[in-house]
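J.: I'd like to ask some things about the structure below.
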Amino acid sequence: MTRKRLLLILMIIIIILLFSLPRYFNCSKSPLENEKAERTDPITAERFEHENTNFKNLQIPAGYDLRQFQGITLNFIVENNINANVLSHETEAFSRMTGINVKIRSMDYETLIQQANKDLLFQTGDYPLIYVDPYQTLNRFYDYLEDLNPYNEDPHLPKLAGFPDDFIENQTEVLSYFKEKNHLYAVPFDSNTMILYYRKDIFDKYRDQFYNEMGYDWTPGTKDFTWERYIEVAQWITENVPEVKYGSGQMAQAHNSIYCEFSNILAAYGGDYFADPNVNTLGVDTFNEIRVLEPEFVKALDVYKAVVKAAAPDSVNWNWTDLANAFRNGEIAMMPNWDENSTYIENEESKVRGKVGYAILPYGERRSANIYGGSGIGINKYASELQKKAAWLYITWATSTEMQLEILVHPEGGSLPTRKSAYERLDDYLDELTPGTKYNDLKHMKAVLEAWKPENIYFRPKIKNFYEVEKVLISNLHEMVKNDLDSAYVSKKIYRELQAIKNKTNK
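In our numbering, the protein residues as written are 16 to 522.
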């Protein structure tokens, strides 16, 4: 090779390196910084309003660049429920618009609580978006969640339109705050509520026969349909109706489900666990006034034992998922369960599709009580600052009126909105759907709204040390129904164990 040719090759190599080095060094920057360097066409709020998405009515400040977080990844830990399922589909549109990669990590209830609380406790920040259960996460780890008020008040960030006035007040107290309202820890997201599912086809077919034998109308949802009559109806169906194996099923497994199910009966008979101010709304650090020795509590234990005894024998091993499966497979005629199961019960694979009725839960001596189980979305305090701002944009979108309506009417959805404006716009929203669009038939909606009336809804205790309390309640309730223990004995045992928690806490 001649010297001249060698020099020519060296010059070519140098030229290539000169063009390559800036790009090479740029690779050391974060994906977000690279995107900012290369992007020349920001999508601002003005342009955003004209996009064909569910985002157009968000309150976004002028000049706000919706793609400023492109390349950011947000892991969102959430319970495997209908809201998560619908969001998994709809979030693709959010990612296309913003460039934010949202990875929804849905999991069963117990795993969710363990993983979310572990991430907060160890301050890893692996999940910038947190599904905040008020009774398992907000109460215990509120200090590990970002206060959302500064985000909502920052004129340079998207605003949570209509907060708090557009959100249902008593639900927001439970889902968004702890002890006081100075700090906003989560935005109301879903609204699970327990209602009664029943086989309407069976109730219609055997109505006259039952009336002739038993002497009363067995229509669920009326004040005459008490828990005592629920037991009678369950027994009668088991003995007389060949279409099902059993008249009812329950969720009495040693699981959160038995505590929730019993709470409905307890509140229906005028009882509760504690009497401290704010214990069932904003929440407290710990309890002082224990109510489990009251006659109402003992009465509720007796009724619950009878309810489980009249149900399918496997009820002592079922949680809410097992119970929903049994009902869906046509094995039982009645069940109390979360309203979110309505889509699962009515889908094309269900054996009872089109045969189901929905009502508020049976009445006790005081009222019908329907436990509320909604949750919010919060931001992990230990996420990066960029992730937090990207997460705030996602929250304003995911909890918007448009998305709540989308989740409500989606064929796989049905969860009722936590925003008042969603109900005001529902008729217009349905009219705007493309002709032939499949959507949820909303059969359960009337029952849930009835359950939400102040006289019917039940909010359980929200206590910082509730994890220990819940273990006491679950173990004792399960042992009672499994071994038919005396209710007076059980109430005293629960009292002693709760008193021990109180004494330990107050040391």
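Beta carbons are placed, not taken as given, at the ideal position from N, Cα and C, and that holds for glycine.
Quantities reported herein were computed from a predicted structural model and do not represent experimental measurements.
Leaving aside the five residues before and after K215 along the sequence, list all residues of the same chain whose C-beta is less than 7 Å from its C-beta, in chain order.
T.: K370, V371, G372, listed in sequence order.
J.: Within the segment 109–177, note down every full beta strand (DSSP E) run reaching 3 residues or more, in order along the chain.
T.: For the segment 109–177, whole beta strand (DSSP E) runs of length 3 or above, ordered along the chain, are 116–122, 144–147.
J.: Is it buried or exposed, L308, if we count other Cβ atoms within 10 angstroms and call 16 or more buried?
T.: With fewer than 16 other Cβ atoms within 10 Å, it is exposed.
J.: Can you list the alpha helix (DSSP H) stretches of 4 or more residues lying completely in the segment 394–449, in chain order?
T.: Runs found: 400–413, 416–424, 435–447.
J.: In whole angstroms, give me the CA-to-CA distance for G275 and W333.
T.: Note that residue 275 is Cys in the sequence shown, not Gly. Spanning the two alpha carbons is a distance of roughly 13 Å.
J.: If we ignore side chains and look at the alpha-carbon of each, how far apart do K51 and L448 end up?
T.: A caution first: K51 carries a pLDDT of 41, below 50, which makes its placement in the model too unreliable to give a value.
J.: Note the first and the last residue of the continuous alpha helix (DSSP H) segment covering T520.
T.: Note, T520: alpha helix (DSSP H), 502–520.
J.: Below 8 Å, how does it come out for the segment 394–414 and the segment 137–147: are there three or more Cβ pairs, yes or no?
T.: Touching, yes, given that three or more Cβ pairs across the two stretches are closer than 8 Å.
J.: Under a three-way DSSP split, which group does E311 fall into?
T.: Looking at E311 - three-state DSSP - the assignment turns out to be helix.
J.: Quick one: give me the first and last residue of the beta strand (DSSP E) that V248 is part of.
T.: Element bounds for V248: not the beta strand (DSSP E) but the alpha helix (DSSP H), 242–255.
J.: I need the straight-line Cα distance from I516 to S506, nearest angstrom please.
T.: Cα to Cα, I516 sits roughly 15 Å from S506.
J.: For S272, name the three-state secondary structure that DSSP assigns.
T.: S272 falls in the helix class under three-state DSSP.
J.: Please determine, among F109, R82, P476, the residue with the shortest C-alpha to C-alpha distance to I410.
T.: Nearest C-alpha to I410: F109.
J.: Between A176, L376, K314, S103, which has its C-alpha nearest V463's C-alpha?
T.: Among A176, L376, K314, S103, the Cα nearest to that of V463 belongs to L376.
J.: Along the alpha helix (DSSP H) that carries F218, what are the first and last residues, could you check?
T.: Counting along the chain, the alpha helix (DSSP H) containing F218 begins and ends at 215–220.
J.: Give me the Cβ distance between F91 and V117, rounded to the nearest whole Å; I'm assuming they're in contact under 8 Å.
T.: Confirmed, Cβ separation roughly 6 Å.
J.: Just mark N41 as buried or exposed, buried being the case when its beta carbon has 16 or more other beta carbons within 10 Å.
T.: Because N41 sits at a pLDDT of 40, beneath the cut-off of 50, its placement in the model cannot be relied upon, and the following sentence gives the value as read from the coordinates. Per the 10 Å Cβ criterion, exposed.
J.: Nearest by alpha-carbon distance to D443: which of E188, S121, V424 is it?
T.: D443 has its Cα closest to that of V424, out of E188, S121, V424.
J.: Could you give the C-beta distance for V259 and A321, rounded to a whole number, given that I count them as a contact under 8 Å?
T.: The Cβ separation is near 20 Å, so there is no contact.
J.: Does any residue of chain B bring its CB to less than 8 Å from the CB of G264?
T.: Protein chains in the displayed structure number just one, and chain B is not present.
J.: According to the Cβ coordinates, are S490 and A267 closer than 8 Å?
T.: Not a contact, by the Cβ cut-off of 8 Å.
J.: How big is the Cα-Cα spacing for G389 and G429?
T.: Answer to the nearest angstrom: the Cα atoms are 14 Å apart.
J.: Is the CB-CB distance between A201 and N279 below 8 Å?
T.: Not a contact, by the Cβ cut-off of 8 Å.
J.: Just mark Y288 as buried or exposed, buried being the case when its beta carbon has 16 or more other beta carbons within 10 Å.
T.: Y288 comes out buried.
J.: Cutting at 7 Å between CB atoms, please list the residues of its own chain near K522, excluding the five before and the five after it.
T.: Closer than 7 Å at Cβ, skipping near neighbours: no residue.
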